[in-house]
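Report on the following structure.
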Amino acid sequence: GMWHLYNIGALPPMALLIKNAIITLPFTLTSILFIQTLSPMVISYRSREKSIEVARHKALRAMNIAFGILFVTVFFYAVSFTLAMGHDEAVKAYEQNISALAIAAQFISGDGAGWVKVVSVILNIFAVMTAFFGVYLGFREATQGIVMNILRRKMPAEKIKENLVQRGIMIFAILLAWSAIVLNAPVLSFTSICSPIFGMVGCLIPAWLVYKVPALHKYKGASLYLIIITGLLLCVSPFLAFS
Numbered sequence: 203g204m205w206h207l208y209n210i211g212a213l214p215p216m217a218l219l220i221k222n223a224i225i226t227l228p229f230t231l232t233s234i235l236f237i238q239t240l241s242p243m244v245i246s247y248r249s250r251e252k253s254i255e256v257a258r259h260k261a262l263r264a265m266n267i268a269f270g271i272l273f274v275t276v277f278f279y280a281v282s283f284t285l286a287m288g289h290d291e292a293v294k295a296y297e298q299n300i301s302a303l304a305i306a307a308q309f310i311s312g313d314g315a316g317w318v319k320v321v322s323v324i325l326n327i328f329a330v331m332t333a334f335f336g337v338y339l340g341f342r343e344a345t346q347g348i349v350m351n352i353l354r355r356k357m358p359a360e361k362i363k364e365n366l367v368q369r370g371i372m373i374f375a376i377l378l379a380w381s382a383i384v385l386n387a388p389v390l391s392f393t394s395i396c397s398p399i400f401g402m403v404g405c406l407i408p409a410w411l412v413y414k415v416p417a418l419h420k421y422k423g424a425s426l427y428l429i430i431i432t433g434l435l436l437c438v439s440p441f442l443a444f445s
């Protein structure tokens, strides 16, 4: 459970190091980003504030604070387990599709084992509160838009019961998450496979809009180039992971 520099191990060749960095990029971004919650958050501020500028300022402030907290927490968590766990334990956690804390609990005895279990439960609660409900907001909004669009083509809008559609989407999301747990779905592989979607929706499409929409030209610059490069790397990542 102590930090040891020898757990880092020897650095691989530069080509392999770059390849592995690209492969782990989607996991890094999904750990600290919350793109799926931005739209519901902005809508919430717009509905509460009369001034668009005030709503924009509060949304940006909330996003920056949340991003800073997530970055520091995830970075410390990753560095801590990198220094505390050896390569063999990390591979074991990956093969068994379990968390690093579950592996750590196997090697810690006495009072430390009980502490790890308590921390694991707390982290699981916060993971559900942040990850599931954060993703759920964006998932519900996107799915509801698709379903409502399909239903409007099949029947008059006044006959569509929007509350019933929302409840159906909620039940579907819960069943989908429950099925992933019951089937012990390989979440890491799923994240890698979905990497091109993250790259397109989160990076390349917004960058394309910046170039196409005159009102967004003010966002051109070095940061936009970084976003484009990140989007391209996300699209390439699964091909490197399964090659």
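Mapping of the sequence shown onto the numbering used here: position 208 corresponds to residue 410, and the numbering continues sequentially without gaps.
Using N, Cα and C, we set each Cβ at its ideal position, and we do this for glycine too.
Please look up how many angstroms separate the CB atoms of P398 and L442, rounded, as I've assumed it's under 8 Å.
Residue 398 sits at position 196 when you count from the first residue of the sequence shown. Residue 442 sits at position 240 when you count from the first residue of the sequence shown. Not a contact, Cβ separation roughly 12 Å.
Within a Cβ cutoff of 7 Å, which residues of the same chain sit near K361, ignoring the five residues on either side of it in sequence?
Position 159 of the sequence shown, counted from the start, is the residue given in the question as residue 361. Cβ neighbours of K361 beyond the five flanking positions: none.
Using beta-carbon positions only, say whether P228 and S439 come within less than 9 Å of one another. In the sequence shown, counting from the first residue as 1, residue 228 sits at position 26. In the sequence shown, counting from the first residue as 1, residue 439 sits at position 237. In contact: P228 and S439 (Cβ atoms closer than 9 Å).
* When the distance is taken between beta carbons, is T275 closer than 9 Å to V393? -> Here residue 393 is taken as the residue at index 191 of the sequence shown, counted from 1. Here residue 275 is taken as the residue at index 73 of the sequence shown, counted from 1. Checking the sequence shown, residue 393 turns out to be Thr, not Val. Not a contact, by the Cβ cut-off of 9 Å.
| task | Could you spell out the range, first to last residue, of the alpha helix (DSSP H) harbouring M372? | result | Here residue 372 corresponds to residue number 170 of the sequence shown, with the count starting at 1. Counting along the chain, the alpha helix (DSSP H) containing M372 begins and ends at 364-384.
- prompt: Are the beta-carbon atoms of I430 and A409 separated by less than 9 Å?
  reply: Translated into the one-based positions of the sequence shown, residue 430 becomes position 228. Translated into the one-based positions of the sequence shown, residue 409 becomes position 207. Yes, Cβ-Cβ distance for I430 and A409 is below 9 Å.
- Message: Quick check on the DSSP output: the alpha helix (DSSP H) that includes I205 runs from which residue to which?
- Response: Walking along the sequence shown from the start, residue 205 turns up at place 3. The question names Ile, yet the displayed sequence has Trp at residue 205. Where W205 is concerned, there is no enclosing alpha helix (DSSP H), given that its DSSP letter is neither H nor E.
| Assuming Y338 contacts A387 under a Cβ cut-off of 8 Å, what Cβ separation, rounded to an integer in Å, is found between them? | The residue labelled residue 338 in the question sits at position 136 within the sequence shown. The residue labelled residue 387 in the question sits at position 185 within the sequence shown. Incorrect: roughly 17 Å between the Cβ atoms, too far for contact.
Let me know if F400 comes out buried or exposed under the rule of 16 or more other beta-carbons within 10 Å of its beta-carbon. For the purposes of this step, residue 400 is identified with residue 198 of the sequence shown, where counting begins at 1. Burial call: buried.
Cβ-Cβ distance between G404 and G370 below 9 Å: On the sequence shown, residue 404 is found 202 positions in, with the first residue counted as 1. On the sequence shown, residue 370 is found 168 positions in, with the first residue counted as 1. No; because the gap between Cβ atoms is not below 9 Å, this pair is not in contact.
Is the region 278-294 in contact with the region 255-264, if contact means three or more CB pairs nearer than 8 Å? no
* Asked: Ordered along the chain, which non-local residues of its own chain (more than five positions away) have a Cβ less than 7 Å from that of V323?
  -> On the sequence shown, residue 323 is found 121 positions in, with the first residue counted as 1. Cβ within range, chain order: n/a, list empty.
Closest by C-alpha distance to M243, when choosing among Y413, I383, G316, E343 | In the sequence shown, residue 243 corresponds to position 41, counting from 1. With distances taken between Cα atoms, M243 lies closest to E343.
Expressed to the nearest angstrom, what Euclidean distance is found between the alpha-carbon atoms of Y413 and I407?
-> Within the sequence shown, the letter at position 211 stands for residue 413. Within the sequence shown, the letter at position 205 stands for residue 407. One C-alpha to the other measures close to 10 Å.
What number of angstroms, rounded off, separates the C-alpha of V415 from the C-alpha of L325? Position 213 of the sequence shown, counting from 1, holds the residue named residue 415. Position 123 of the sequence shown, counting from 1, holds the residue named residue 325. Straight-line Cα distance between these residues: approximately 42 Å.
Q | Contacts around H289, its chain only, beta-carbon distance under 8 Å, and the 5 residues preceding and following it disregarded | A | The residue given as residue 289 occupies position 87 in the sequence shown. Closer than 8 Å at the Cβ level, and outside the excluded window around H289, lie N209, G211.
Using the beta-carbon count (16 or more within 10 Å), is A295 buried or exposed?
-> Counting from one through the sequence shown, the residue named residue 295 turns up at place 93. Looking at its Cβ environment, which holds 16 or more other Cβ atoms inside 10 Å, A295 is buried.
Span separating the alpha-carbon of A286 from that of G316:
Along the sequence shown, one-based indexing puts residue 286 at 84. Along the sequence shown, one-based indexing puts residue 316 at 114. Near 18 Å, if we compare the C-alpha coordinates of G316 and A286.
- prompt: So what's P440 in DSSP terms, helix, strand or just coil?
  reply: Numbered from its first residue, the sequence shown carries residue 440 at position 238. Three-state DSSP puts P440 in a helix.
TODO: Could you check the C-alpha separation between M357 and M350 for me, to the nearest Å?
DONE: What you label residue 357 is simply residue 155 of the sequence shown in a count that begins at 1. What you label residue 350 is simply residue 148 of the sequence shown in a count that begins at 1. Approximately 10 Å between the Cα atoms of the pair.
### Message
Output needed for S253: all residues of its chain with C-beta closer than 6 Å, excluding positions within five of it in sequence on either side, in chain order.
### Response
Taking the first residue of the sequence shown as 1, we reach residue 253 at position 51. Cβ within range, chain order: n/a, list empty.
*Helix or strand or just coil, what does DSSP make of P416?*
One-based indexing of the sequence shown puts residue 416 at position 214. P416 falls in the helix class under three-state DSSP.
Item to complete: Name the two residues that bound the continuous alpha helix (DSSP H) containing Y279.
Response: Position 77 of the sequence shown, counted from the first residue, corresponds to residue 279. That run of the alpha helix (DSSP H) goes 254-286.
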